[in-house]
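428 is the number of the first residue of the sequence shown in this note's numbering; add one for each residue after it. Each residue gets a CB set at the ideal place from its N, CA and C atoms; glycine is no exception. Written below as structure tokens is the structure these notes are about.
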Amino acid sequence: MKLKIGLIYDRISWNEKQLVKAAAKKKIDLNLIDAKRLSLTATDCNSDLQEYDVLLQRSVSYFRGLYLSAILENKGLHVINSFETAQTCGNKLLTTLALTKANIPTPKTLVSFAEDSALESLNDVGYPAVIKPLVGSWGRLVSLINDEIVATSVIEHKEMLGPLHKIHYIQEKVPSKRDIRAFVIGDDVVAAMYRKANGGDWRTNIARGGTAKICEITPEIKELSLKAAKVVGGGILGVDLLEDKEGLVVNEINHTVEFKGLMETTFVEIPELILDYVIEHLKD
Ligand SMILES: Nc1ncnc2c1ncn2[C@@H]1O[C@H](COP(=O)(O)OP(=O)(O)O)[C@@H](O)[C@H]1O
Ligand SMILES: [Mg+2]
């Protein structure tokens, strides 16, 4: 019987187009599903999207994708990445906790729930420090704080932004000149690249103009990335590593991974590997 894959999106980017192309090449039945057009019955476990053997969740909006996956999994549908994986990876604090529990090195992080204690946490971590929103991507609102004057103002602004921003996630700045993006699919690291910040920014995100260079997948990169992927539930993941004084640390794990920069740098056929994994995974 032919498998049917549903690709859930809220924005069709280059990445989704490549997945569609790869499916056509492999003669895989793949349908695009616009998350914004769905009306799902939360009180019925059997209706909606039952024709799909697997749903590839590619919604860019964290909350949209997350709650959609929760409903679909409740209907017994197979979603990749899973709700559990998305929940942990999409929230930097939950990721930190999962990594820490598994003894995986990650930058020292303090969390405060009010202005004064946030400033204390910053003093404790020491300047320069990094403040991040719990939920976010593309480096957005990830701030490098050089002194207490800037800290006070950033914390003040965060307090005005809404409930999640009042949970102040404060991190040591790792003295890393570049970071490493390792692309994990199931039990394999299929490609890796170094990313360097470009010009006036300190963040290495490709979306912010970061430049990429191919990175050899060393045993250390492989072992650490796979271990990190495993503790968040596994799947198709972008594991970001920073180079600290004593070795590599895991900065974050991305669950709706863009792969344009990685493909242009490494020439690895990521979309085909993703589809192979989805199909193999269903046979298990
Ligand atoms: N603790 C840190 N030390 C050094 N650089 C960091 C640290 N945290 C983040 N960065 C830099 O900022 C970028 C964006 O931060 P990240 O945590 O990956 O957030 P996002 O999910 O928005 O990409 C990283 O790719 C890295 O270049
Ligand atoms: Mg990142």
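What residues in its chain sit with their C-beta under 7 angstroms from that of residue i, if we drop five residues either side in the sequence?
{"i": "Leu729", "result": "Past the edges of the chain, shown from 428 to 711, lies residue 729, and the structure says nothing about it."}
{"i": "Glu375", "result": "Limits of the chain in this structure are 428 at one end and 711 at the other, which puts residue 375 out of reach."}
{"i": "Asn518", "result": "Leu561 and Val562"}
{"i": "Ser474", "result": "Thr468"}
What does a CB cutoff of less than 8 angstroms around residue i pick up in its chain, not counting 5 residues either side in sequence?
{"i": "Phe510", "result": "Leu493, Ser496, Ala497 and Glu500"}
{"i": "Gly674", "result": "Pro532 and Glu647"}
{"i": "Lys452", "result": "Glu699"}
{"i": "Asp480", "result": "Leu430, Lys431, Ile432, His505 and Leu709"}
By a C-beta neighbour count over all protein chains shown, 10 Å radius and 16 as the cutoff for buried, is residue i buried or exposed?
{"i": "Lys672", "result": "exposed"}
{"i": "Gly627", "result": "exposed"}
{"i": "Cys472", "result": "exposed"}
{"i": "Pro602", "result": "exposed"}
{"i": "Gly662", "result": "buried"}
{"i": "Leu587", "result": "It is Met, not Leu, that sits at residue 587 in the sequence shown. It counts as exposed."}
Looking only at its own chain, which residues have a Cβ that is under 6 angstroms from the Cβ of residue i, when we skip the five neighbours before and after it?
{"i": "Ile460", "result": "Gly433 and Ile435"}
{"i": "Leu524", "result": "none"}
According to DSSP, residue i sits in a beta bridge with which residue or residues?
{"i": "His595", "result": "Ser539"}
{"i": "Thr638", "result": "Lys623"}
{"i": "Gly433", "result": "Asn458 and Leu482"}
{"i": "Ser570", "result": "Ile558"}
{"i": "Gly674", "result": "Asp671"}
Kindly indicate which residue of the options has the alpha-carbon position closest to the one of residue i.
{"i": "Ser440", "options": "Met587, Val552, Val617 and Phe686", "result": "Phe686"}
{"i": "Lys654", "options": "Glu643, Asp667 and Lys623", "result": "Asp667"}
{"i": "Ala578", "options": "Lys559, Lys444 and Glu679", "result": "Lys559"}
{"i": "Tyr644", "options": "Ala609, Pro590 and Lys657", "result": "According to the sequence shown, residue 644 is Ile rather than Tyr. Of the candidates Ala609, Pro590 and Lys657, the one whose C-alpha sits nearest the C-alpha of Ile644 is Ala609."}
{"i": "Phe490", "options": "Asp703, Cys516, Ser580 and Thr470", "result": "Cys516"}
{"i": "Gly566", "options": "Arg630, Leu457, His592 and Ser466", "result": "Arg630"}
{"i": "Leu712", "options": "Leu521, Val695, Leu664 and His595", "result": "Residue 712 falls outside the range modelled here, since the chain spans only 428 to 711, and no answer is possible."}
{"i": "Leu446", "options": "Gln484, Arg464 and Lys657", "result": "Gln484"}
My understanding is that residue i touches residue j, with C-beta atoms under 8 angstroms, so please give their C-beta distance in whole angstroms.
{"i": "Val552", "j": "Ile597", "result": "6 angstroms"}
{"i": "Ala513", "j": "His708", "result": "In fact, because the Cβ distance is near 16 angstroms, the residues do not count as touching under 8 angstroms."}
{"i": "Leu651", "j": "Val677", "result": "7 angstroms"}
{"i": "Ser486", "j": "Ala449", "result": "Not quite, the Cβ-Cβ distance comes to about 19 angstroms (not below 8 angstroms), so this is no contact."}
{"i": "Ala634", "j": "Met620", "result": "So it is not a contact: roughly 14 angstroms between Cβ atoms."}
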